[in-house]
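For the record, the sequence lines run as chains Y and Z.
Position in the first sequence counted from 1, then plus 417, gives you the numbering used here.
Position in the second sequence counted from 1, then plus 417, gives you the numbering used here.
Just so it is clear, CB atoms sit at the ideal spot from N, CA and C, and this is done for glycine as well.
See below for the structure under consideration.
There are 2 protein chains.
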Amino acid sequence: MILGAGFAGLAAAQALAGARVAVTLIDVNNYHLFVPLLYQVATAALSPADIAEPIRHIVAASENIEVVLGEVSGVDPEAREVRLADGTAIPYDRLVVATGSTTSYFGHDAWADHAPSLKSIEEARAIRTRVLQGFELAERAADPAERDRLMTIVVVGGGPTGVEMAGSLAELARHALARDFRHIDPTTARVLLVEAGPRLLAAFPEDLAAYARRSLERLGVSILTNRAVETIDADGVVIGGERIPAATVVWGAGVRASPAAAWLRVATDRSGRIPVEPDLSVTGLPDIYALGDTALCRDERGEPLPGLAQVAQQQGTHLGQALRANLEQGRPMPPFRFRNRGNAAIVGRHAAVFDFGPRRHLRGSPAWLLWAAVHVVLLVDFSQRARVSLQWLWRYVTYRRGARLITAPPPRR
Amino acid sequence: MILGAGFAGLAAAQALAGARVAVTLIDVNNYHLFVPLLYQVATAALSPADIAEPIRHIVAASENIEVVLGEVSGVDPEAREVRLADGTAIPYDRLVVATGSTTSYFGHDAWADHAPSLKSIEEARAIRTRVLQGFELAERAADPAERDRLMTIVVVGGGPTGVEMAGSLAELARHALARDFRHIDPTTARVLLVEAGPRLLAAFPEDLAAYARRSLERLGVSILTNRAVETIDADGVVIGGERIPAATVVWGAGVRASPAAAWLRVATDRSGRIPVEPDLSVTGLPDIYALGDTALCRDERGEPLPGLAQVAQQQGTHLGQALRANLEQGRPMPPFRFRNRGNAAIVGRHAAVFDFGPRRHLRGSPAWLLWAAVHVVLLVDFSQRARVSLQWLWRYVTYRRGARLITAPPPRR
């Protein structure tokens, strides 16, 4: 049984497709979400359906895989049962926990109301609505201070999510919306990227981070490093004692593993991740495996693997194949080894950074093209591929955004 | 000033583009919605962004048109002011009322909770969620009666909306979902189309209505005519004293003009429409015009024009051109004459009916192809055109649905 149909869980299921093993794949959503492109939904470049595919559809041809739409509420390792929120219990022989991560507001849960993160379609839609509604209200605002507040967007966190979000927002304001208003000039919108650490993209080499900073600044993004956010409320943020009025605040700072560790009653690291053995089994629970953002898995040098889609996907494929060989032929479970395929962050059109390891860096247009090609290929199935390629091509030629709809409920103030 | 950016209001604004007249276009949404294709969003074939385009973007090049996102709460014809819900008042010289229609539950407002209609993106998304969630819950239901209820969909109203909805739902169950479940057979889902009158498509000639009925029955739709719905609640419907348990009920039966008549304090017909003179001015209020679903406009024989997109669009273009000639050159306002371009309803793949007037009927594949071509061309701008064509082509080849996402809140029970 596999809990979660993200990159890790889905890859594990697909590796078990057609095996002489009954697979149950449980997820709280009916779709697999391509989270790395969620920021493009939040900035009106793509529609939710462009980056989400029904899980049932993906595994429809594999008769041995059953999909269950349900919310897991607990696991009973003694009874070998998974319990769902609706009260049903589903038995398992082997359990794969791939329930991903959730947003962490570092103890300030009240911030969640004012600063959505980029974890779900609903949040992406909420951000899109706030940003677009901000410009609409600014167009009619009589008070200059209120107009400035409505046209200010603060992105918290200078990791890849924050960098991508800030770049895409700046492009939205500078190009897609540029000519559409009569009283305001959207190109004067203020996009602020706030990072508590000394520089952007801490996981990337310094030269790439410096390039990303220059590219963002060229797009008009203001970058504040070494500054932690102290307050987030309906009026904006407080940073270093200074209040910055802002209608939209996006949270890209903290993630935390899903509550799977609590279900299994195992100890975790600071981020809530479950320590796993080299074969991805949970330490002390040999028939339970943990993958992706939920797992604390170390490489050969003892460093924890980062929470990336490629790590999750490789772990899923590895574990699926290992379980198949183990269950069908009794083979032992081999250790997992991560192969770095390159770590990317995109700043905007023609501006991306790609890190393939020491001294193998790529940036600018070549990195952007490679990023685009990789992400189109990574998308789960052909239909999505065709649609996303077409939309990108179209946007690329016209600088436009096709999904500029205000459909979520308006933001609270 | 134009109230409403539907087919009528937008056409009027576009006819005034570039004129020496300041145009203010007010709508409660930031997008123009292609309502005739909304049923395709409700049945997971298209994404909301495929059939909606930001109003600002459509008129961006016309410097004389200002777009205001706002909800109209009243009109003061003496002060020549439009009042918005946020308290602001906007002055006008000439007023064009094109605020469309809303759903009428014939006095049973409580039915709205259980039977969404097809008027907005939010409703289309709610229907999509109910239908897909029904299949998901059925897959896990132990009780056969409950499983049948979850797989039963009732469509109320046998007009074009009901026919299109029923046909598209049957195709969704029979083709797109057919292989995706393990415990239920989606092709056995029951789609029921209920019409209070003696036959489907009352506005169409009898031969076309009979063809539509046969085509729907071939798709597996059960059709009940001469039966009025007596109750709609969380468990289903009561028709002719018989309770039919159903998880999804779609309302396609009644529409009512927007409350514009109350703002203007004028008498209306039974459906709330405002009577207009041949030049589309509101009787007794010469500087105010009413268009589209909000207006009661009669043809040469004294018959009221139907609530169709083509009527609205022709009226908008006519009035925009007439106002332009009147304001720029002082020409008199000419009377409006409707040209019937053909009335269509689609049942499913290769099955549509087209009525061009007495003895000029088209049906089957040719009608379907014509319908598809017309609707692609009608879509507001090129970007949408390219995307919708591509999706249709893809669906046509593969029988698939790309937007099968359960994202709205789950239905209440």
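**Study point:** Close beta carbons around Gly737(Z), own chain, < 6 Å, minus the five adjacent residues each side
**Key:** For the purposes of this step, residue 737(Z) is taken as residue 320 along the second sequence, with counting starting at 1. Hits under 6 Å: Ala429, Ala432, Leu433.
Review point. Do you know offhand how far Gly614(Y)'s Cα is from Asn643(Y)'s?
Key: For the purposes of this step, residue 614(Y) is identified with residue 197 of the first sequence, where counting begins at 1. For the purposes of this step, residue 643(Y) is identified with residue 226 of the first sequence, where counting begins at 1. Near 5 Å, if we compare the C-alpha coordinates of Asn643(Y) and Gly614(Y).
Point to revise | For Val580(Y), the nearest candidate out of Ala761(Y), His792(Y), Pro775(Y), Arg777(Y) (CA to CA) | key: Taking the first sequence and counting its residues from 1, one reaches residue 580(Y) at position 163. Nearest of Ala761(Y), His792(Y), Pro775(Y), Arg777(Y) to Val580(Y), Cα basis: Ala761(Y).
Check your understanding: Just to confirm, are Ile823(Z) and Leu549(Z) a CB contact at a threshold of 7 Å?
Key -> Taking the first residue of the second sequence as position 1, residue 823(Z) is located at position 406. Taking the first residue of the second sequence as position 1, residue 549(Z) is located at position 132. Going by C-beta atoms, Ile823(Z) is nearer than 7 Å to Leu549(Z).
Practice item. Confirm, please, whether the CB-CB distance from Leu708(Z) to Gln732(Z) is below 7 Å. Key: Residue 732(Z) sits at position 315 when you count from the first residue of the second sequence. Residue 708(Z) sits at position 291 when you count from the first residue of the second sequence. Their beta carbons are under 7 Å apart, which means Gln732(Z) touches Leu708(Z) by this criterion.
Review point. Listing by chain order, which chain Y residues have their CB less than 8 Å from the CB of Ser518(Z)?
Key: Here residue 518(Z) refers to the residue found at position 101 when the second sequence is read from its first residue. Going along chain Y, no residue has its Cβ under 8 Å from Ser518(Z), so there is no contact; the nearest lies around 20 Å.
Check your understanding: So, is the C-beta of Arg473(Z) closer than 7 Å to a C-beta in chain Y?
Key -> Locating residue 473(Z) in the second sequence gives position 56, counting from the first residue. Yes, Arg473(Z) counts as interfacial toward chain Y.
Point to revise | Contact with chain Y by Leu486(Z), beta-carbon distance below 7 Å | key: Against the second sequence, residue 486(Z) aligns to sequence position 69. Yes, contact with chain Y.
Review point. What is the residue span of the alpha helix (DSSP H) that Thr578(Y) lies within?
Key: For this step, residue 578(Y) is matched to residue 161 along the first sequence. 577 to 588 is the extent of the alpha helix (DSSP H) around Thr578(Y).
Point to revise | Contact set for Leu567(Z): own chain, Cβ-Cβ below 8 Å, skip 5 residues either direction | key: Counted from its first residue, the second sequence places residue 567(Z) at position 150. Excluding sequence neighbours, Leu567(Z) sits near Gly551, Phe552, Leu554, Ala555, Ala558, Ala664.
Exercise for review: Pull out every residue of the stretch 533 to 550 of chain Y whose Cβ sits closer than 7 Å to any Cβ of chain Z, in chain order.
Suggested key: Ile538, Glu539, Leu549
Check your understanding: Do you know whose CA, among Ile601(Z), Arg758(Z), Ala425(Z), Ala439(Z), lies nearest Arg599(Y)'s CA?
Key -> For the purposes of this step, residue 599(Y) is taken as the residue at position 182 of the first sequence. With distances taken between Cα atoms, Arg599(Y) lies closest to Ala439(Z).
Review point. Helix, strand or coil for Leu822(Y) per DSSP?
Key: Counting from 1 along the first sequence, the entry for residue 822(Y) is found at position 405. Three-state DSSP puts Leu822(Y) in coil, outside helix and strand.
Check your understanding: In whole angstroms, what separates the C-alpha of Glu483(Y) from that of Tyr456(Z)?
Key -> Residue numbering aside, residue 483(Y) sits at position 66 when the first sequence is read from its first letter. Residue numbering aside, residue 456(Z) sits at position 39 when the second sequence is read from its first letter. For Glu483(Y) and Tyr456(Z), the distance between alpha carbons rounds to 30 Å.
Point to revise | beta strand (DSSP E) segment containing Tyr406(Y), residue limits | key: Residue coverage of chain Y in this structure runs from 418 to 830, which leaves residue 406(Y) outside it and unanswerable.
Check your understanding: Which runs of the alpha helix (DSSP H), 4 residues or longer, sit entirely within the stretch 462 to 506 of chain Y?
Key -> 472 to 475
Point to revise | Touching by the beta-carbon criterion (3+ pairs, under 8 Å), the stretch 512 to 519 of chain Y and the stretch 462 to 474 of chain Y | key: no
Practice item. Report yes or no: do the stretch 648 to 667 of chain Y and the stretch 563 to 577 of chain Y share at least 3 C-beta pairs separated by less than 8 Å? Key: yes
Check your understanding: Buried or exposed: Glu588(Y), going by 16 or more other Cβ atoms within 10 Å of its Cβ?
Key -> As a first step, residue 588(Y) is located in the first sequence; it is residue number 171 there, counting from the start. By the 10 Å Cβ count, Glu588(Y) comes out buried.
Exercise for review: Going by CA-CA distance only, name the one from Asn447(Y), Pro494(Y), Ala477(Y), Val492(Y) that's closest to Val485(Y).
Suggested key: Taking the first sequence and counting its residues from 1, the one referred to as residue 485(Y) is at position 68. For the residues Asn447(Y), Pro494(Y), Ala477(Y), Val492(Y), the minimum Cα distance to Val485(Y) belongs to Asn447(Y).
Exercise for review: Under 6 Å Cβ to Cβ from Phe799(Z), same chain only, skipping five residues before and after it: list those, please.
Suggested key: Start at 1 with the first residue of the second sequence, and residue 799(Z) comes out as number 382. Confidence in Phe799(Z) is poor, its pLDDT being 46 and thus under 50, which makes the residue's placement unreliable; the coordinate value appears in the next sentence. So no residue of the chain qualifies.
Check your understanding: Do Ile626(Y) and Arg616(Y) have their C-beta atoms closer together than 7 Å?
Key -> Locating residue 626(Y) in the first sequence gives position 209, where the first residue counts as 1. Locating residue 616(Y) in the first sequence gives position 199, where the first residue counts as 1. First, the residue type needs correcting, since residue 626(Y) is Ala and not Ile in the sequence shown. Yes, they are a contact pair.
Practice item. Work out the CA separation of Arg591(Z) and Arg780(Z) for me, nearest whole Å. Key: Position 363 of the second sequence holds residue 780(Z). Position 174 of the second sequence holds residue 591(Z). Distance between the alpha carbons of Arg780(Z) and Arg591(Z): 22 Å.
Check your understanding: Under 7 Å between the Cβ atoms of Ala425(Z) and His449(Z)?
Key -> Along the second sequence, read from residue 1 onward, the residue named residue 425(Z) stands at position 8. Along the second sequence, read from residue 1 onward, the residue named residue 449(Z) stands at position 32. Contact flag unset, no.
Point to revise | Own chain, CB closer than 8 Å to Val445(Y), minus 5 neighbours either side, in chain order | key: To locate residue 445(Y), count along the first sequence from 1; it is residue 28. Around Val445(Y): Leu486, Gly487, Glu488, Val489.
Practice item. Please check the pair Gly724(Z) and Ser537(Z), which I expect to be a contact at CB under 8 Å, by giving their CB distance rounded to whole angstroms. Key: For the purposes of this step, residue 724(Z) is identified with residue 307 of the second sequence, where counting begins at 1. For the purposes of this step, residue 537(Z) is identified with residue 120 of the second sequence, where counting begins at 1. About 16 Å separates the two Cβ atoms, so there is no contact after all.
Check your understanding: For Arg644(Y), which residues does DSSP report across the bridge?
Key -> Residue numbering aside, residue 644(Y) sits at position 227 when the first sequence is read from its first letter. Arg644(Y) is not bridged to any residue.
Practice item. Kindly indicate which residue of Asp597(Y), Trp788(Y), Ala679(Y), Leu610(Y) has the alpha-carbon position closest to the one of Asn481(Z). Key: Here residue 481(Z) refers to the residue found at position 64 of the second sequence. Closest option to Asn481(Z), Cα to Cα, is Asp597(Y).
Exercise for review: Using a Cβ-Cβ cut-off of 7 Å, state whether Phe799(Z) counts as contacting chain Y.
Suggested key: Position 382 of the second sequence, counted from the first residue, corresponds to residue 799(Z). Annotation note: pLDDT 46 at Phe799(Z) (below 50); position unreliable, coordinate value reported separately. No, no contact with chain Y.
**Study point:** Runs of beta strand (DSSP E) wholly within the stretch 635 to 704 of chain Z (minimum 3 residues, chain order)
**Key:** 638 to 641, 646 to 650, 653 to 656, 659 to 662, 665 to 668, 672 to 674
**Study point:** DSSP beta-bridge partners of Val534(Y)
**Key:** Against the first sequence, residue 534(Y) aligns to sequence position 117. This sequence places Ser at residue 534(Y); Val is not what is there. Trp668(Y).
Review point. Counting only beta-carbon atoms, is Arg564(Y) nearer than 7 Å to chain Z?
Key: Numbered from 1 along the first sequence, position 147 holds the residue referred to as residue 564(Y). For Arg564(Y), the answer is no, since every Cβ of chain Z falls outside 7 Å of its Cβ.
Review point. Going by Cα to Cα distance, which pick from Arg687(Z), Leu501(Z), His735(Z), Ile640(Z) is closest to Pro749(Z)?
Key: Within the second sequence, numbered from 1, the residue matching residue 749(Z) stands at position 332. Checking every option, the nearest Cα to that of Pro749(Z) belongs to His735(Z).
Check your understanding: List, in order along the chain, the chain Y residues whose C-beta lies closer than 7 Å to that of Ala469(Z)?
Key -> Numbered from 1 along the second sequence, position 52 holds the residue referred to as residue 469(Z). Those within 7 Å of Ala469(Z) in chain Y are Leu822.
Review point. Does the Cβ-Cβ distance between Ala674(Z) and Arg687(Z) come in under 7 Å?
Key: Along the second sequence, one-based indexing puts residue 674(Z) at 257. Along the second sequence, one-based indexing puts residue 687(Z) at 270. Result no, Cβ atoms of Ala674(Z) and Arg687(Z) do not sit closer than 7 Å.
Exercise for review: Examine chain Y for any beta-carbon lying closer than 7 Å to the beta-carbon of Pro561(Z), and answer yes or no.
Suggested key: Your numbering for residue 561(Z) matches position 144 in the second sequence. Not an interface residue.
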